[in-house]
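Visitor: This is the structure I want to talk about, given as structure tokens.
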Amino acid sequence: MMTQDARALECTGLVKSFGGVTVVKSVEFTVPAGHVVGLIGENGAGKSTLSSIIAGIHQPDAGAMVLDGQPYSPGSPSQALDEGVALIHQEIRMVPRLSVAENIFLGRLPMKGGRVDRVAMNEEAAGALERLGVSIDPRRPVAGLSTAQQQSIEIAKAILRDPRYVIFDEPSASLTSAETDRVLHQITVLRDSGAGVVYISHRLDEVREISSEIVCMRDGAVVRTWATGEVPTDELVQAMVGRDFTFQHQAPQPSADRVVLTVRGLSRKGAFEDVSFEVRQGEILGFAGLVGAGRTEVVRAIAGADRADAGVVEVDGEPLRLRNPGSAISAGIFMVPEDRKTQGLNLAQNSPRNIATPWERTVKRTSLVTKSWLEHLAQKSTDGFDVRGSLAGPTLRLSGGNQQKVLLAKWLAGSPKVLILDEPTRGVDVGAKMAIYEIIRACAARGVSVLVVSSELEEVLGLAHRVLVMSGGRQRAILDRAEATSERVMSYAVPTTGSGPSTNASDSPDGLGLAREAS
Amino acid sequence: MTVTTDPAVDTRATEAEPKARRRFRSSNFRMFGGPFIGLVVMVVVFSLLSPYFLTAQNLSNLLQQVSILGIMAAGATLVILIGGIDLSVAAVMAFTLMFSAWLYKSLEFPFVPALIAGLLIGALIGFINGVLSTFGKIQPFVATLATMSICLGLALLITNGNTLNDFPEWFSEIAVARVWVIPVQALLMFAIFGIAAFWLKFRPLGRSLYAIGGNEEVARLSGLPVRWTKTLVYMIASTLAAFAGWLNMATLDSAQPTAAGNYLLNVIAVVVIGGASLAGGVGTMGSTLLGLFVVGVINNGMSFTGISPNAKPVVIGLIIILAVLADRKSAASG
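Top line first, the protein sequences correspond to chains A and B.
Under this note's numbering, the first residue of the first sequence carries the number 1, and numbering increases by one thereafter.
Under this note's numbering, the first residue of the second sequence carries the number 1001, and numbering increases by one thereafter.
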């Protein structure tokens, strides 16, 4: 950037919106060749969308990109690859039955005389893996390799295309610290070969260690840039969360003293461990943490969707045997699941049928489920929800916000003692968001105990009486509304390298101690 | 900020009503459109080709001919609605009827208890199909392929491949009995379709088949007992197959170990021509009944033309392709 002829990937004025929500707002972003740029920000800050645009997965609505002085506008990931830009995904996608080398060369297998040139393929793959310092036989199938090894294969695949720019989207999310160190080493290999690297991670220590420049995004915009990697963690966290809240904090009504839900020592292997808390009548407990911290897994276990390996869940002092969602529902625990499209609604069916699905069983043995019964229930349960669009058409035709309202109505058509809301406003526009917050507050005011899981910190802080912070499958703290500042929550939520999420959660006892101390 | 007391809500709701009704009606029409028009065209063509086709006597025969197939197709519709498949229906029919006949002839059971034992065995096989494909997590195609093979084999093994004859006279009377011109067999079939249609439309358990077939995870998270419901559906299908076995035995006045014939393919053809989706969640008893008549009219009508009976499966195959393509086209235009 200092010199005129420096090679770089430059983005200017990038804008991208999905369904009316602008997720990337006029972003300026430059990656100089031979450097590592750390990209940080909260969930939903627009990091992944930005990297998807650069890698050709999405096309920007406005703005331009320049690649080493040439205009660059990839129409697809393969075009981006051809131009020398590779994206290494958070989730690894491999064909398990194929060999390591076949996976690396998938889609462009080297041919010789009409047949796959296995010798050349295996040699080249071995060479790339060697450069990365990993010893994997390229002829063995991918099935059975660890996540870290698969990650290396993914990187080898990118290296073999001789990319000029590589984006790593949270490569360490599911790796142990030793494995992460290797990935970081592999990144330096890439950098030293002259490539520009974008490193996206929630682990600020890693970002600081490897980056020569750090960019922080918030709400779809670049809010701060540091020309060095040596930035105090506090300052990074501050930049990630320090925003004006887009909605008014509204103190919820005080909750009753009576404890409704008690969870003690709840654990599920590989997902979360030793989670304990209580929720009182009319209280909203927020779950904060980064993606992969285990929040969804905890509430799913409470709702009977997954089985817990250990621990006790009590409602009104009665221990429950949670075998399936049905048993949780009979105990009064209802869950509005994370993904309305695959878990919440049957999109081909209309709203009344969706709303009635859990409740049809409640009609008397001698009664019928008639259309008027369905419509009455739908009318009653969506009363005041301001659902815009036809209830009689398939829910597929409703907008995200209205689908979410129908989904809320489905569960509020019954009378929950405990209502679990997992990402209640994901992919929902601001107006519907406010309406959904109102519904949640009204629910608590009626005496329902509410658990809210959200990746949007402000949502949790704005709604909850208390906030439970998770990281790496462990409960780190339960903070009162007064002490739950964004900085405080983030300091518990951001894992430091070493105690972060590991594939085997049971082997670091230090996390347990912290959880106990916190609760 | 609160919009709860917005009076616009009520007006919007009432405005939406008539529009919604229209949409429902058009979708019903769409569902019946393709196969129904096809059926009418075929009836017209066959009446022109032969003066014997559109007579009370022949239509009565036609009903008689499709009843056994129809009863099995009723069960298969339920299985396909939950996104499953039952390849064992015809084999279950063959095995259970051989079992009943064997109890009666070789073990000298009283006749009616022997028949009921056949139904119970049918229910048991359905239970096995259901448990294997839900709790056992074996794909229903594979699970029922296995039970199909087992039942086909057992049907032969039980009498070493021999046919059993000589049942009480009143039993074979069932096959020819008629109320006015309508065969009793067909009345039984209509009753089964009627009960199933009522169950699917108005009773919670029946309605839950659509929820399960539409999206199993949504159904499970809604607290529905998905695996038990699916198991029950396989049991109903196999019990109906065993019941079809009674009628098969009565019609032929003998128990033949090869009774399965090509019933399986016809059963699935009937359901698919009706418009049910093998992906689950789509289909009604009414549409299956329509599919049944399409297949029945082809089989019956073609006998009046000079065309070789061997051409029937070819025509049915072509109709399946047409029906599915027409379905997809109308779904896309909606």
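Where a beta carbon is used, it is the ideal one built from N, C-alpha and C, also for glycine.
Note that the coordinates shown come from a computational prediction; the quantities given were computed from them, not determined experimentally.
What residues in its chain sit with their C-beta under 7 Å from that of serine 52 of chain A, if we drop five residues either side in the sequence?
Guide: His58
Visitor: Measuring CA to CA, which of B/Tyr1234, B/Phe1141, B/Ser1277 and B/Trp1246 is closest to isoleucine 1068 of chain B?
Guide: Considering only alpha carbons, the answer is B/Trp1246.
Visitor: For valine 1282 of chain B, would you say it is in contact with chain A, using Cβ-to-Cβ distances shorter than 9 Å as the test?
Guide: Residue contact check for valine 1282 of chain B against chain A: a CB pair falls below 9 Å.
Visitor: Hey, out of A/Val263, A/Thr357, A/Leu396 and A/Ile214, whose CA is closest to tryptophan 373 of chain A's CA?
Guide: Shortest Cα-Cα distance from tryptophan 373 of chain A to any of A/Val263, A/Thr357, A/Leu396 and A/Ile214 involves A/Thr357.
Visitor: Tell whether a beta-carbon distance below 9 Å holds between glutamate 154 of chain A and isoleucine 92 of chain A.
Guide: yes
Visitor: Is there a Cβ from chain A that is less than 9 Å from the Cβ of phenylalanine 1024 of chain B?
Guide: Note that phenylalanine 1024 of chain B scores 40 on pLDDT, short of 50, meaning its location in the model is unreliable; the coordinates nonetheless yield the value given after this. At least one CB atom of chain A sits nearer than 9 Å to the CB of phenylalanine 1024 of chain B.
Visitor: Go through its chain and collect everything with a Cβ distance to valine 1079 of chain B's Cβ below 7 Å, but skip five positions before and after it.
Guide: Ile1085, Asp1086, Val1233, Tyr1234 and Ala1237
Visitor: With DSSP as the reference, label threonine 180 of chain A as helix, strand or coil.
Guide: helix
Visitor: Taking its Cβ as the centre, do 16 or more other Cβ atoms sit within 10 Å of tryptophan 1180 of chain B, making it buried, or is it exposed?
Guide: exposed
Visitor: With a threshold of 9 Å between beta-carbons, can leucine 1221 of chain B be considered close to chain A, or not?
Guide: yes
Visitor: Can you say whether isoleucine 439 of chain A is buried or exposed, counting buried as having 16 or more other CB atoms within 10 angstroms of its CB?
Guide: Isoleucine 439 of chain A comes out buried.
Visitor: What residues from chain A crowd round arginine 1203 of chain B, counting only those whose CB sits closer than 8 Å?
Guide: Leu368 and Val369
Visitor: Within 10 angstroms of its Cβ, does isoleucine 1321 of chain B collect 16 or more other Cβ (buried), or is it exposed?
Guide: exposed
Visitor: Distance cutoff 9 Å, beta carbons only. Does isoleucine 329 of chain A sit that close to anything in chain B?
Guide: yes
Visitor: List the residues of chain B whose Cβ lies closer than 7 Å to the Cβ of valine 363 of chain A, in chain order.
Guide: Pro1204
Visitor: Would aspartate 234 of chain A and glutamate 487 of chain A qualify as a contact pair, given that the criterion is a beta-carbon distance under 9 Å?
Guide: yes
Visitor: Between the beta-carbon of threonine 1288 of chain B and the beta-carbon of alanine 1279 of chain B, is there less than 9 Å?
Guide: The answer is no: Cβ separation not under 9 Å.
Visitor: Looking at glycine 220 of chain A and valine 24 of chain A, is the spacing between their C-beta atoms short of 9 Å?
Guide: Yes, these two residues count as a Cβ contact at 9 Å.
Visitor: If contact means a Cβ-Cβ distance below 7 Å, which residues of the region 341-357 of chain A contact chain B?
Guide: Thr342, Gln343, Gly344, Leu345, Asn346, Ala348, Gln349 and Thr357
Visitor: Interface residues of chain B around proline 416 of chain A at Cβ under 8 Å?
Guide: Chain B residues near proline 416 of chain A: none, gap ~12 Å exceeds 8 Å.
Visitor: Just reading off the beta strand (DSSP E) that serine 17 of chain A is part of, what are its end residues?
Guide: 8-18
Visitor: Can the beta-carbon of glycine 326 of chain A be found closer than 9 Å to that of valine 448 of chain A?
Guide: no
Visitor: Tell me glycine 286 of chain A's beta-bridge partners as DSSP assigns them.
Guide: A/Val452 and A/Val467
Visitor: I'd like to confirm the pairing. Which residues does DSSP put opposite valine 85 of chain A in its beta bridges?
Guide: The partner list for valine 85 of chain A (beta bridge, DSSP) reads A/Tyr165.
Visitor: Mind pulling the chain A residues with CB within less than 7 Å of arginine 1328 of chain B?
Guide: Listed by position along chain A, the residues whose Cβ is nearer than 7 Å to that of arginine 1328 of chain B form an empty set, because the closest Cβ is around 15 Å away.
Visitor: So the alpha helix (DSSP H) arginine 264 of chain A belongs to, where does it begin and stop?
Guide: Arginine 264 of chain A -> not in any alpha helix (DSSP H); beta strand (DSSP E) instead, spanning 259-268.
Visitor: Any beta carbon of chain B sitting closer than 9 Å to that of alanine 533 of chain A?
Guide: Because chain A here runs from 1 to 519, residue 533 of chain A falls outside it and cannot be looked at.
Visitor: Identify, in the order they occur along the chain, each residue of the same chain with its Cβ nearer than 7 Å to the Cβ of arginine 224 of chain A, setting aside the five sequence neighbours on each side.
Guide: Cys216 and Ala239
Visitor: Going by Cα to Cα distance, which pick from A/Met434, A/Ala33 and A/Arg264 is closest to valine 313 of chain A?
Guide: A/Arg264
Visitor: Could you tell me whether the Cβ of alanine 1211 of chain B comes closer than 9 Å to any Cβ of chain A?
Guide: yes
Visitor: Measuring CA to CA, which of A/Ala80, A/Arg115, A/Arg118 and A/Arg140 is closest to valine 95 of chain A?
Guide: A/Arg140
Visitor: In this structure, what does DSSP give as the bridge partners for alanine 310 of chain A?
Guide: A/Ser267
Visitor: Using alpha carbons as the reference points, say which of A/Thr30, A/His35, A/Trp411 and A/Ser48 lies closest to lysine 16 of chain A.
Guide: Selected option, being the one with the closest Cα: A/Ser48.
Visitor: Give the secondary structure of isoleucine 1082 of chain B by DSSP, where H, G and I count as helix, E and B as strand, and everything else as coil.
Guide: Per DSSP, reduced to three states, the secondary structure at isoleucine 1082 of chain B is coil, with no helix or strand assignment.
Visitor: Where do the N-terminal and C-terminal ends of the beta strand (DSSP E) with threonine 22 of chain A fall, by residue?
Guide: First-last of the beta strand (DSSP E) with threonine 22 of chain A: 21-32.
Visitor: On the premise that methionine 1072 of chain B lies in contact with leucine 1240 of chain B, defined as a C-beta separation below 8 Å, what is that separation, rounded to the nearest angstrom?
Guide: 6 Å
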